[in-house]
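Please read the structure below before turning to the comments.
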Amino acid sequence: MLRGSAVFIATIRSRAPNGSGSGRALSVVARVRRPASLALVAALVLGACSLEPMDLEGERPLALRSTIRAADGTLLTRVYRENRAYMAYGRIPRTMVDAVISAEDSRFFSHGGFDLKAIGRALLANMDEGATVQGGSTITQQYVKNTYFREAPKTLERKARELRIAIEVERQYSKKEILERYLNTVYFGHGAYGLKTAVETFFGHDVDSLSVHEAALLAAMIKSPSLYDPSDHPRNARQRRNYVLDRMAELGHIEARDARRSRRAPLGVTPNSPPLTLRQPYFVEAVKREILADKRLGRTEQGRARALYKGGLSVTTTLRPTMQRMASDAVESVLNQPGDPAAALIALDPHTGEILSMVGGSDFSTSQVNLALGREGGGSGRQPGSTMKPIVAAAALEAGLSFDETYESGPLSTVTPDGSTWTVGNTEGGGGPPLPINEALVDSVNGVFARLALDLGAGAIANQAELMGVGAPLPTVPSIALGSAEVSVLDMAAAYGTLANGGTAIEPTTIRSVETPDGQVDRPRQRVTPGVLAPGNAYLITKALEQVIERGTGTAARLGRPAAGKTGTTNDYGDAWFVGYTPDLVTAVWVGYPQGRIPMTSVHGIHVVGGSLPAQIWRNFMSSALAGRPVRQFLPPRSDTVEVRIDPVSGLLAAPWCKGKMKRMLRQEMPTETCPPPPSPTPTPSPTPTPSPPPSRMPPQVTPGPTPAPTPTR
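Below you can see the structure in the form of structure tokens.
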């Protein structure tokens with residue numbers, strides 16, 4: 099293991115009676131006279147000192163605990179195989195150094211790695227008792243044992259190797275370096291390795307405020323952490339602590355009166371061994387999963403696990419504790435009755451991919467399955483129902499179809515390529531006359547999207563889903579358009595995040611940074627894929643999903659600010675979803691029974707659909723999370739827009755004869771016709787001249803004659 103040690107072992111064996119070693123060492127030594135035994139010890143030491151320098155290449159790296167913190171620095175958990183946090187010598191209180199030297203090795207600063215007097219004293223005591231009752235190891239030798247021979251059996255050969263390496267350690271390291279290494283390796287009990295962790299565990303504060311009697315107690319425990327455990331054996335612990343205090347006074351490290359005062363102090367310990375997970379266990383497990391998949395921390399999963407549990411990583415996550423409380427409160431505000439289904443929720447920032455809050459279940463102690471990432475019994479998740487329709491709409495627009503394209507909306511029964519019959523009804527919406535795609539999306543009309551899936555092909559839909567962030571493998575069958583394939587809550591949050599981010603997909607992450615003990619800081623390497631769909635197409639879908647909340651199936655999710663979202667319900671009411679977003683926050687909510695697709699036909703007296711309990715949870719969370727934030731509109735993307743003059747009356751392009759106003763709009767929405775010209779003015783008719791009256795035609799003047807006499811009647 100160590101070059102040079104073989105020579106030393108040969109020296110030992112040649113000088114030991116009968117070449118003794120291993121388990122017979124003590125009995126052999128006991129049969130020789132004491133002077134001979136002491137001579138043997140002296141010979142071994144002289145032999146060790148005379149050997150050439152050796153390489154300390156077998157030193158076992160210290161196992162350091164890793165910490166996982168929220169975005170604001172709140173400690174979420176410590177993970178470790180050995181609960182140890184490294185502490186440099188400059189931070190170790192002088193009181194602790196004095197206490198350890200007084201308890202374990204009073205001549206530490208004067209010897210060269212071994213104490214011949216102590217070795218001889220221990221050897222004689224052990225021979226008198228016929229067993230090992232006293233040790234003669236220096237602090238340096240104890241460090242060597244903890245580092246190189248922790249699992250090795252106690253044999254003469256091991257002790258010889260230990261002595262040889264201790265001498266070499268003294269040659270290569272300063273006394274301060276040895277003390278630093280020692281106080282970071284020693285075990286104090288209750289799972290606490292190293293001084294920093296021991297102070298936290300037994301006293302609940304930092305090393306900087308360590309008192310004299312606390313330092314003496316910790317030094318007392320080193321000899322036997324179980325025998326001097328202050329919780330299990332307080333009398334033993336007190337006696338040993340007081341012995342250390344007396345030794346400190348005897349050696350001049352403290353005043354006698356300080357020793358007397360400290361002897362009267364209570365032990366003052368409350369073992370506080372931190373559990374593996376302190377807060378937000380579902381999120382913490384997701385963080386571990388992400389670390390174990392990061393090949394920068396090791397080429398193999400075993401190597402990455404070593405980095406996590408032994409590498410002393412400092413992980414800062416994306417979790418925002420305030421938003422996490424809001425998420426938990428939102429779920430509990432809706433699902434709070436015995437027998438209620440469970441819920442899962444993920445909220446993320448669509449522009450960074452950072453997961454801000456995660457509800458993975460109601461009780462980690464009863465089920466460690468994170469329902470936001472998978473399902474009980476294994477699998478990718480749950481059926482998303484109609485929350486898949488925006489992804490189908492994205493595939494349609496990317497294929498060149500117009501949102502105004504119309505499809506029959508009624509029920510459908512058709513034979514699929516695999517020979518099976520696929521029958522589709524309209525669960526959430528109605529059906530009837532042909533509908534354009536955007537209206538079918540608002541009303542969640544299955545018939546339109548089933549026909550659209552047959553036109554596009556299931557492969558195009560599955561590919562679009564993958565591009566948008568759905569990590570679950572999707573079967574290429576037409577029914578995926580209506581949400582028949584299993585996906586996770588995270589999958590849907592990621593896909594809708596792509597819509598909110600204008601068509602750029604960003605891989606979600608739970609990690610903001612990982613810092614190694616040497617100060618190297620790594621940031622997550624997320625996949626960022628621009629142009630998963632054209633920004634204009636993402637905007638068109640967003641505008642339709644705004645109408646889902648305003649007048650469609652998602653009215654229960656109204657926030658009083660611009661928001662877009664979609665409901666989803668499976669045919670048997672086994673899964674219900676609401677996934678939605680504002681310009682800066684995406685949240686996906688699933689409600690169902692973890693055990694499987696148990697119909698939710700009588701929960702709070704209703705059939706649970708996406709627009710009921712999931713939409714309420716979504717609204718409650720988003721209202722809290724966005725409170726106090728500026729209200730932002732969904733703006734059309736500049737890259738896919740043009741500024742044109744529009745006639746406000748007709749909505750068409752303005753012409754010289756229209757009073758147009760400049761407006762930015764999508765190219766796809768830009769009208770192609772101009773406003774109609776005004777009607778030609780009707781010419782004013784010329785006034786009709788009044789004709790002059792014709793000359794009066796006077797009747798001829800007749801001169802009347804004499805009036806004839808009347809004819810007589812007969």
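Note that my numbering has the sequence shown beginning at 99, numbered continuously upward.
The beta-carbon is built from N, C-alpha and C at its ideal position, and this holds for glycine as well.
Computed from a prediction, not measured in an experiment: that's the story for all the values here.
To which residues of the same chain is residue i closer than 6 Å at the C-beta, ignoring the five residues directly before and after it?
i, result
"Gly210", "Glu268"
"Ala123", "With a pLDDT of 41 at Ala123, under the threshold of 50, the modelled position of that residue is not reliable, and the figure given next carries that caveat. If we look at Ala123 and ignore the five residues flanking it on each side, its Cβ neighbours are Leu254."
"Thr519", "Val513"
"Arg730", "Pro681"
"Asp327", "Gly287"
"Gly527", "In this prediction, Gly527 scores a pLDDT of 45, lower than 50, which makes its location untrustworthy; the coordinate-derived value is nonetheless stated afterwards. Answer for Gly527: Asp541, Ser542, Val543, listed in chain order."
Look up residue i in the DSSP assignment and give the residues it is bridged to.
i, result
"Leu751", "Ile744, Thr772"
"Ser611", "Thr414"
"Tyr505", "Leu533"
"Met456", "Ile444"
"Tyr291", "Arg182, Tyr285"
"Val585", "Arg480"
"Gly409", "Leu162"
"Thr519", "Val513"
When the Cα of residue i is compared with those of the options, which residue comes out closest?
i, options, result
"Thr450", "Pro191, Gly472, Pro628, Ala723", "Pro628"
"Glu506", "Ala551, Ala636, Ala314", "Ala551"
"Pro379", "Arg345, Gly409, Leu343, Leu417", "Leu417"
"Thr521", "Ile199, Leu510, Ile190, Asp447", "Leu510"
"Met346", "Val367, Pro332, Ala317, Thr368", "Ala317"
"Gly569", "Ser586, Ile578, Gly188", "Ser586"
"Asp461", "Gly477, Pro448, Asp447, Ala441", "Ala441"
"Met566", "Leu572, Gly601, Val546", "Gly601"
"Arg743", "Leu724, Ala655, Thr770", "Thr770"
"Ile190", "Ser329, Tyr280, Gly726", "Tyr280"
"Gln562", "Ile578, Pro622, Arg549", "Ile578"
"Leu638", "Gly658, Ala598, Gly749, Ala655", "Ala598"
"Ser463", "Asp203, Arg377, Thr653, Glu496", "Arg377"
"Thr485", "Leu446, Pro622, Val646", "Val646"
"Phe732", "Gly401, Met424, Ser721, Met763", "Met763"
So is residue i buried or exposed if we call it buried at 16+ other beta carbons inside 10 Å?
i, result
"His288", "buried"
"Arg649", "exposed"
"His311", "buried"
"Asn524", "buried"
"Val207", "The amino acid at residue 207 is misidentified as Val; the sequence shows Phe. Exposed, by the Cβ-count rule."
"Leu454", "buried"
"Ser83", "As shown, the chain starts at 99 and ends at 812. That puts residue 83 outside it, with no answer to give."
"Thr760", "Position check: residue 760 holds Met in this sequence, whereas Thr was assumed. So Met760 ends up on the exposed side."
"Thr801", "Annotation note: pLDDT 39 at Thr801 (below 50); position unreliable, coordinate value reported separately. That one is exposed."
"Lys257", "buried"
"Asp438", "buried"
"His702", "exposed"
"Met590", "buried"
"Val678", "Reading off the sequence, residue 678 comes out as Gly, not Val. With 16 or more Cβ atoms within 10 Å of its Cβ, Gly678 is classed as buried."
"Gln481", "buried"
"Val619", "exposed"
"Met768", "exposed"
"Gln337", "exposed"
"Gln422", "buried"
Which two residues bound the contiguous beta strand (DSSP E) that contains residue i?
i, result
"Arg167", "164-167"
"Ala445", "440-446"
"Arg176", "173-177"
"Lys487", "Looking at the DSSP string, Lys487 is not in any beta strand (DSSP E); the run it does join, the alpha helix (DSSP H), is 487-496."
"Thr685", "683-690"
"Val513", "510-513"
"Ala357", "Note, Ala357: premise wrong, no beta strand (DSSP E); alpha helix (DSSP H) at 354-362."
"Val630", "Val630 -> no beta strand (DSSP E), and no H or E assigned at all."
I'd like the list of long-range same chain contacts for residue i, defined as Cβ closer than 7 Å, with 5 residues on each side in sequence excluded.
i, result
"Ala405", "Leu395, Gly396, Leu411"
"Pro697", "Asp670, Tyr671, Gly672"
"Asn468", "Tyr380, Glu383, Ala384, Gly458, Gly459"
"Leu162", "Arg182, Ala183, Tyr184, Lys408, Gly409, Gly410, Pro615"
"Glu399", "Leu390"
"Arg179", "Ala161, Tyr407, Lys408"
What residue does the alpha helix (DSSP H) around residue i start on, and which one ends it?
i, result
"Tyr246", "237-246"
"Gly678", "It is not in any alpha helix (DSSP H) - Gly678 instead sits in the beta strand (DSSP E) that spans 673-680."
"Thr398", "Thr398 -> no alpha helix (DSSP H), and no H or E assigned at all."
"Ala556", "556-566"
"Lys386", "379-390"
Leaving aside the five residues before and after residue i along the sequence, list all residues of the same chain whose C-beta is less than 8 Å from its C-beta, in chain order.
i, result
"Arg765", "Gly634, Asp738, Thr739, Val740"
Looking at residue i and the ligand ATP, is the gap between the Cβ and the nearest heavy atom below 8 Å?
i, result
"Tyr285", "The ligand ATP is not part of the structure shown, which contains no ligands of any sort."
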